[in-house]
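Take a look at the structure below.
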Amino acid sequence: MRLFAERGYDRTSVPDIQEAAGLSRGSGALYKHFPSKEALFRIGVERFIQEAQLARAKLFEMDMEPRHTIEWIGRNTLNVLAGKSEELRILWRDVDQFPKIKAAARREIMQGTYAAVAKCLDESARAGRIAAHDSQAVAAVMVGSLAMFRVFEAVWGERAIKIDDDRFLRAWTDMVLCGLKLNGQGVELQDGARPSSSKKRKTQ
């Protein structure tokens, strides 16, 4: 995947890949493991998809307070994407020529992650653990901002603004918690109970 990210799919040859793997350029050894260059490309994207699926599954296995769940979403998303700079560059630049791979990446990495975060938020709101909100829109803001922080870094080779991960995550977490009224203000949500109508009126 490193060569695809550095040179682009079309400018990366099978001999180049073999040489980078420590094999003879003209040996044809790649074909003992992969039927084609496209198959190698597809497997690299599929591994990214699998990691995204595992992260989503873990999100629903955890039993944490909403505040900690949100912090985990932010930290875990940045950590996963930090190790996927090559894949992000490839998806940004080369995937259009492979409609099936593009559709799978869009569905499983992008749309699947947005939907999972939206579902998590919606379930917390229905249980009265966070304030009612537009869960799909909030998920789009949450995931989109995290993803683009990493995408800009992967595509341009530097961050759009010179701040480290911890500083970004503090600001991101503060904004999300404030928007969902989990920052100690607004609707009081304690012990997982839905706030009473009198409490709601006091905050309006």
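Each residue of the sequence shown is one higher than the one before, counting from 7 in the numbering used here.
The beta carbon of each residue, even a glycine, is placed where N, CA and C say it ideally should be.
Everything numeric in this text was worked out from a predicted model, so none of it was measured.
Rounded to whole angstroms, the separation of the alpha carbons of P72 and R135 is 7 angstroms. DSSP, read as helix, strand or coil, puts E71 in coil.
Separation of L84 and L152 (C-alpha to C-alpha, rounded to the nearest whole angstrom) is 7 angstroms. Per DSSP, S19 lies in no alpha helix (DSSP H) and is assigned neither H nor E.
Remark: C-beta atoms of M7 and I107 do not approach each other more closely than 8 angstroms. Judged by beta-carbon spacing, E92 lies within the 8 angstroms limit of A11, meaning their Cβ atoms are closer than that value. A58 is positioned such that its CB atom lies no closer than 8 angstroms to that of T18. For P41, there is no enclosing alpha helix (DSSP H), as DSSP marks it with neither H nor E. No residue range can be given for A27, since it is assigned to no alpha helix (DSSP H) and is classified by DSSP as neither H nor E. Take the alpha-carbon of A109 and the one of R156: they are about 21 angstroms apart. Ranking A138, E159, G185 by CA distance to the CA of L94 puts E159 first. The alpha-carbon separation between I115 and E25 amounts to approximately 31 angstroms. With a cutoff of 8 angstroms on beta-carbon distance, Q142 and A122 are scored as not near each other. Counting the other CB atoms within 10 Å of its CB gives S130 a total of 16 or more, which places it among the buried residues. When the five nearest sequence neighbours on each side are left out, the beta carbons in the same chain lying within less than 7 angstroms of the beta carbon of V101 are those of I107, K108, A111, in order along the chain. Where Q117 is concerned, there is no enclosing alpha helix (DSSP H), because DSSP gives it neither an H nor an E. The straight-line gap separating the alpha-carbon atoms of D69 and A63 is approximately 12 angstroms. In this structure, H139 places its C-beta atom within 8 angstroms of the C-beta atom of L186.
Around the C-beta of C126, 16 or more other C-beta atoms lie within 10 Å, and the residue is accordingly described as buried. For the set V86, I79, D170, the Cα lying nearest the Cα of R53 is the one of V86.
In the three-state scheme derived from DSSP, where H, G and I count as helix and E and B as strand, L186 is classed as coil.
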